[in-house]
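**Q** Chains as they are written, first to last, in the working numbering: chain B, 1 to 271; chain A, 272 to 574. Cβ atoms here follow ideal geometry from the backbone N, Cα and C, with glycine treated the same way.
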Amino acid sequence: MTALTFALKEIPRQRIDLSPLTPDKLAGKSRKEIELITLQSGTRKIPAAEIFRIKGDDAANIIFTDACDKLDRIGADMTGGRIRIEGDTGAYLAFHTNGGEIILSGNAGAFVASGMKKGIIEVRGNVGDFLAAALPGDQRGMSGGTVIVRGNAGDRAGDHMRRGTLLIEGSAGDYCATRMTAGTIAVLGKVGILPGFAMKRGTLLLRKMPERLPATFNDCGAHTFSFLPMLTQSWQIHGGKLARLPKAKSPMQRYMGDLANNGKGEILIGI
Amino acid sequence: MKINGVEIEDTFAEAFGMRATRVIITAVNLKWAMHAAEAATGFATSVIACGAEAGIERTLKKTETPDGRVGVSILLFSASSKELAKQLERRIGQCVLTSPTSAAFAGMDEGDPIPLGKNLRYFGDGYQSSKLIDGKRYWRIPVMDGEFLCQETTGMVRAIGGGNFLVLAKTQTAALAACEAAIIAMRKLPNVIMPFPGGIVRSGSKVGSKYPTLFASSNDAYCPTIRGITKTELLPDTSCVLEIVIDGLTEADIRLAMRVGMQAVCKLGAKRGIQKITAGNYGGKLGQFHFKLRDIMKAEKQK
Numbered sequence: 001m002t003a004l005t006f007a008l009k010e011i012p013r014q015r016i017d018l019s020p021l022t023p024d025k026l027a028g029k030s031r032k033e034i035e036l037i038t039l040q041s042g043t044r045k046i047p048a049a050e051i052f053r054i055k056g057d058d059a060a061n062i063i064f065t066d067a068c069d070k071l072d073r074i075g076a077d078m079t080g081g082r083i084r085i086e087g088d089t090g091a092y093l094a095f096h097t098n099g100g101e102i103i104l105s106g107n108a109g110a111f112v113a114s115g116m117k118k119g120i121i122e123v124r125g126n127v128g129d130f131l132a133a134a135l136p137g138d139q140r141g142m143s144g145g146t147v148i149v150r151g152n153a154g155d156r157a158g159d160h161m162r163r164g165t166l167l168i169e170g171s172a173g174d175y176c177a178t179r180m181t182a183g184t185i186a187v188l189g190k191v192g193i194l195p196g197f198a199m200k201r202g203t204l205l206l207r208k209m210p211e212r213l214p215a216t217f218n219d220c221g222a223h224t225f226s227f228l229p230m231l232t233q234s235w236q237i238h239g240g241k242l243a244r245l246p247k248a249k250s251p252m253q254r255y256m257g258d259l260a261n262n263g264k265g266e267i268l269i270g271i
Numbered sequence: 272m273k274i275n276g277v278e279i280e281d282t283f284a285e286a287f288g289m290r291a292t293r294v295i296i297t298a299v300n301l302k303w304a305m306h307a308a309e310a311a312t313g314f315a316t317s318v319i320a321c322g323a324e325a326g327i328e329r330t331l332k333k334t335e336t337p338d339g340r341v342g343v344s345i346l347l348f349s350a351s352s353k354e355l356a357k358q359l360e361r362r363i364g365q366c367v368l369t370s371p372t373s374a375a376f377a378g379m380d381e382g383d384p385i386p387l388g389k390n391l392r393y394f395g396d397g398y399q400s401s402k403l404i405d406g407k408r409y410w411r412i413p414v415m416d417g418e419f420l421c422q423e424t425t426g427m428v429r430a431i432g433g434g435n436f437l438v439l440a441k442t443q444t445a446a447l448a449a450c451e452a453a454i455i456a457m458r459k460l461p462n463v464i465m466p467f468p469g470g471i472v473r474s475g476s477k478v479g480s481k482y483p484t485l486f487a488s489s490n491d492a493y494c495p496t497i498r499g500i501t502k503t504e505l506l507p508d509t510s511c512v513l514e515i516v517i518d519g520l521t522e523a524d525i526r527l528a529m530r531v532g533m534q535a536v537c538k539l540g541a542k543r544g545i546q547k548i549t550a551g552n553y554g555g556k557l558g559q560f561h562f563k564l565r566d567i568m569k570a571e572k573q574k
């Protein structure tokens, strides 16, 4: 069996919702059936075969090639299997994903891994705003799984995050980890202003002191944490800069807050 | 059967089904890991009155522990899963949580999960937090030297307690030397503990007593100072009997430990005053597991 490959024929004029093309939804379907699946594009419904050249037959292993930023909701609600994307994607990559693996070679738009519950996502480029965040009105953002961003993330990364691990090798924008309820975010580059704003619990690991911390975060001093080497050791398998994090324990500056919102979150600086 | 002049009596040790768990205790150095482990396994010689039987299994190198520090693995046995969970929580809470620099981790993944840090976390009074690492939850409880890191649960398995053998000797010195040699050899084995002080017990007990409130009392048949007025099991010139009790995770673990221990005793032999090895049983009616001494030693003799 060869991977089920969707090669984009041309850059579409309208955005296209690709949520029907996940390993679970395509399992057991013939090539003909897959070609006839209609995809929402603006107000139109277009058969998949009009948008993609389709090859292969292994629905558990899907590849999108020549992908562009008009392709939204790739991997939405998937519960298993593997999706590899060559190129860029639009918004809502891995939206509410509940298992499986997604690897994106390029950049992604806003709301990557929003509402994600399980699985592993690797973005080799940059991602837009609201990475692993909640949709407006939603109570929680990401609630499980692991997201690795090799590039940079936009603003509000980890907003309302409930659980899971968000690893950003580059920099993150303003208001990183806002309203976070639990989970772990690590940013190896810089972060913008006011990280952890309205954070309730959870951990934000930073390499350097941010430009401006909220006034409602209090310094708890420099300490050595025995859980940290275990945590960073568990990231070794992801390779890249994450695999090169120092294994030795060294003191980390701990700030706790947001005291305006329960105040049990922590920002650890010096990873 | 005689090995090096030591008679192996044709009898068996009678052992019971128990529940067991293993916990890994780490600390800044082995001294402090050992302090915590010794305290956690203290007062745990017999379930008759301690609630648990516990002991140190072995020391662990940095590469063998979850947090990369040196540590000690302990085994804890109890008569029921409920009692084991209670004892574990008390012992980790009072003896490991309290010990400087310590951390506690699950020593086994198999079996049913029982709380390790799951309830102890409330000591943090709301300042505790948890981290999920590789699918396992760890609690970080703020304490005065930093944080006590404790895995949420550890595994509980069905195990065996009460494997034993008794050493009859001409003198107390000879019996003690033989049992000490046995313990040194047996402590090298995994999955077993010898829960009594120094691994050796002198107050072997029988079931029941003339006093109705006591469940167990002195094993008079093996007490040398009353030999003249009891139905004694001692040889005419036996003046000391010591026992080694073994708790293990499996039948095979106990068999191996008994063999290694008895080998060490027999090595000293009759010339050093060792007369006989026997075992404690209750007629085979109470315990599910019977460890026949001669069967265990047969393989050794054939060598």
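To the nearest whole angstrom, what separates the beta carbons of A/Gly519 and A/Glu285, a pair I think is in contact under 8 angstroms?
**A** So it is not a contact: roughly 14 angstroms between Cβ atoms.
**Q** Go to A/Trp303, then tell me how far its alpha helix (DSSP H) extends in each direction, as first and last residue.
**A** From DSSP, the alpha helix (DSSP H) with A/Trp303 extends over 301 to 311.
**Q** Which residues share a DSSP beta bridge with B/Pro12?
**A** According to DSSP, B/Pro12 bridges with nothing at all.
**Q** Out of curiosity, what's the CA-to-CA distance linking A/Lys542 and A/Ala445?
**A** Whole-angstrom Cα-Cα distance: 10 angstroms.
**Q** Who are the Cβ neighbours of A/Tyr398 in its own chain at under 7 angstroms, not counting the five residues just before and after it?
**A** Answer for A/Tyr398: Pro413, listed in chain order.
**Q** Ordered along the chain, which non-local residues of its own chain (more than five positions away) have a Cβ less than 8 angstroms from that of B/Lys247?
**A** Contacts found: Pro229, Thr232, Gln233.
**Q** Are the stretch 386 to 402 of chain A and the stretch 330 to 346 of chain A in contact at 8 angstroms, needing three or more beta carbon pairs?
**A** Counting Cβ pairs under 8 angstroms, fewer than three are found: no touch.
**Q** When DSSP labels each residue in this structure, what does B/Pro47 get in the three-state scheme?
**A** Looking at B/Pro47 - three-state DSSP - the assignment turns out to be strand.
**Q** Quick check on the burial criterion: 16 or more other C-beta atoms within 10 angstroms. Buried or exposed for A/Gly313?
**A** Exposed, by the Cβ-count rule.
**Q** Do we get a CB-CB distance below 9 angstroms when we pair B/Ser234 with the residues of chain A?
**A** Cβ-Cβ to chain A under 9 angstroms: yes for B/Ser234.
**Q** Go ahead and pull the three-state DSSP assignment for A/Phe394.
**A** Three-state result, A/Phe394: helix.
**Q** Please tell me whether B/Thr65 and B/Ala7 are closer than 9 angstroms, where the distance is taken between their beta carbons.
**A** Yes.
**Q** Checking the sheet assignment: what are the DSSP bridge partners for B/Asp219?
**A** According to DSSP, which records beta bridges pairwise, B/Asp219 is partnered with B/Tyr255.
**Q** Would the beta-carbon of A/Ile567 fall within 9 angstroms of that of A/Met529?
**A** Yes, the Cβ-Cβ distance between A/Ile567 and A/Met529 is below 9 angstroms.
**Q** Looking at the structure shown, is A/Ser489 part of a helix, part of a strand, or coil, going by DSSP?
**A** Here A/Ser489 sits in strand by DSSP.
**Q** Can you pull the chain B residues whose beta carbon is under 9 angstroms from the beta carbon of A/Glu335, in chain order?
**A** Per Cβ cutoff of 9 angstroms: no residues; A/Glu335 is ~14 angstroms from chain B at best.
**Q** Around the C-beta of B/Gln236, are 16 or more other C-beta atoms found within 10 angstroms, so that it is buried, or is it exposed?
**A** Exposed: under 16 other Cβ atoms inside 10 Å.
**Q** If you drop the 5 nearest sequence neighbours on each side, which residues of the same chain put their C-beta closer than 6 angstroms to that of B/Arg207?
**A** Here the set comprises Leu188, Ile271.
**Q** With DSSP collapsed to three states, give me the class of B/Ala113.
**A** If DSSP states are grouped into helix, strand and coil, B/Ala113 belongs with coil.
**Q** DSSP state of A/Gly499, grouped into three classes?
**A** Three-state result, A/Gly499: helix.
**Q** Between which two residues does the beta strand (DSSP E) containing A/Ala286 stretch?
**A** Unbroken beta strand (DSSP E) run through A/Ala286: 283 to 297.
**Q** Sorted by chain position, which residues of the same chain lie with C-beta nearer than 8 angstroms to A/Gly479's C-beta, five sequence neighbours on each side aside?
**A** Same-chain partners within the cutoff: Leu485, Phe486, Ala487, Ser488.
**Q** Fully enclosed by the stretch 127 to 213 of chain B, which alpha helix (DSSP H) runs are 4 residues long or longer?
**A** Runs of the alpha helix (DSSP H) inside the stretch 127 to 213 of chain B: none found.
**Q** Pick from B/Arg15, B/Arg140, B/Arg31, B/Gly221: whose alpha carbon is nearest that of B/Ile74?
**A** That would be B/Arg15, whose Cα lies nearest to the Cα of B/Ile74.
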